[in-house]
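In what follows, a structure is listed as structure tokens, so that the remarks can point back to it.
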Amino acid sequence: MIHFHNDQVDMPALNVATVKGWMQRVMLAHGKREGVINVIFCSDERILSINQTFLQHDYYTDIITFDSGAGEVVAGDIFISQDTVASNANQLAVSPDAELLRVIIHGILHLCGYPDKQPDEAAKMRSLEDEALAMLL
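Pasting the structure below:
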């Protein structure tokens with residue numbers, strides 16, 4: 707089951723049923739099936755705290771994903787900073803909604819097993835994001 711939560715920020719205006727269905731289709735396209743997935747929308751300060759506490763990184767980021775899945779089951783927690791998503795959207799000259807959808811699916815792709823630490827992995831991730839976004843239309 708996919709659950710959306712907000713942590714001291716307003717819940718973004720998403721068509722929840724549409725976004726959940728899209729996330730499920732992306733998982734299936736990668737040979738995975740849905741487990742318990744929590745998408746938590748939060749502030750920059752909250753994501754910085756998570757980054758410092760769990761990853762020992764002292765910087766803001768748009769997303770942090772904690773994988774708890776096994777085998778073909780996709781499960782975990784996806785923390786998304788709405789502040790950073792909005793800032794990135796502005797810098798990239800895209801709508802905040804478009805950037806939010808990209809970040810959501812980025813988290814799902816991480817839970818499907820795709821890394822993005824190395825340049826070639828990041829390029830592959832971006833390509834997979836584009837493919838997934840095309841599935842939403």
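Letter by letter, the sequence shown follows residues 707 to 843 of the working numbering. Just so it is clear, CB atoms sit at the ideal spot from N, CA and C, and this is done for glycine as well.
Open item on the list: Measuring only the C-alpha atoms, how far is I753 from D713?
Closed with: Position 47 of the sequence shown, counting from 1, holds the residue named residue 753. Position 7 of the sequence shown, counting from 1, holds the residue named residue 713. Whole-angstrom Cα-Cα distance: 10 Å.
Open item on the list: Using beta carbons (cut-off 8 Å, strictly below), is P821 in contact with chain B?
Closed with: Structure shown: chain B not included; a single protein chain is present.
Open item on the list: Among M841, K823, G819, A804, whose alpha-carbon lies nearest the alpha-carbon of G737?
Closed with: Sequence index remark: in the sequence shown, residue 737 carries index 31 (1-based). Ranking the options by Cα distance to G737, first place goes to G819.
Open item on the list: DSSP three-state label for N845, please.
Closed with: A query on residue 845 cannot be resolved here, the shown segment of the chain reaching from 707 to 843 and no further.
- [ ] Mark F760 as exposed unless 16 or more other C-beta atoms lie within 10 angstroms of its C-beta, in which case mark it buried.
- [x] The residue given as residue 760 occupies position 54 in the sequence shown. With fewer than 16 other Cβ atoms within 10 Å, it is exposed.
Task: Cβ shell of D773 (< 6 Å), same chain only, five flanking positions each side left out - done: Translated into positions along the sequence shown, residue 773 becomes position 67. Excluding positions up to five away in sequence, the list reads G782, L817.
Task: Pairwise C-alpha distance: H763 and A840 - done: Translated into the one-based positions of the sequence shown, residue 840 becomes position 134. Translated into the one-based positions of the sequence shown, residue 763 becomes position 57. C-alpha separation (whole angstroms): 33 Å.
- [ ] Identify the continuous beta strand (DSSP E) that holds D822 and give its terminal residues.
- [x] Locating residue 822 in the sequence shown gives position 116, counting from the first residue. Under the DSSP assignment, D822 falls outside any beta strand (DSSP E); it carries neither an H nor an E label.
Task: I786 and D768 closer than 8 Å at C-beta - done: As a first step, residue 786 is located in the sequence shown; it is residue number 80 there, counting from the start. As a first step, residue 768 is located in the sequence shown; it is residue number 62 there, counting from the start. Against a cut-off of 8 Å, the Cβ pair of D768 and I786 comes out as a contact.
Task: Alpha-carbon spacing of L798 relative to C748, whole angstroms - done: Here residue 798 is taken as the residue at index 92 of the sequence shown, counted from 1. Here residue 748 is taken as the residue at index 42 of the sequence shown, counted from 1. Taking the straight line from one Cα to the other gives about 21 Å.
- [ ] Would you give the residue range spanned by the alpha helix (DSSP H) that D716 belongs to?
- [x] Here residue 716 refers to the residue found at position 10 when the sequence shown is read from its first residue. Where D716 is concerned, there is no enclosing alpha helix (DSSP H), given that its DSSP letter is neither H nor E.
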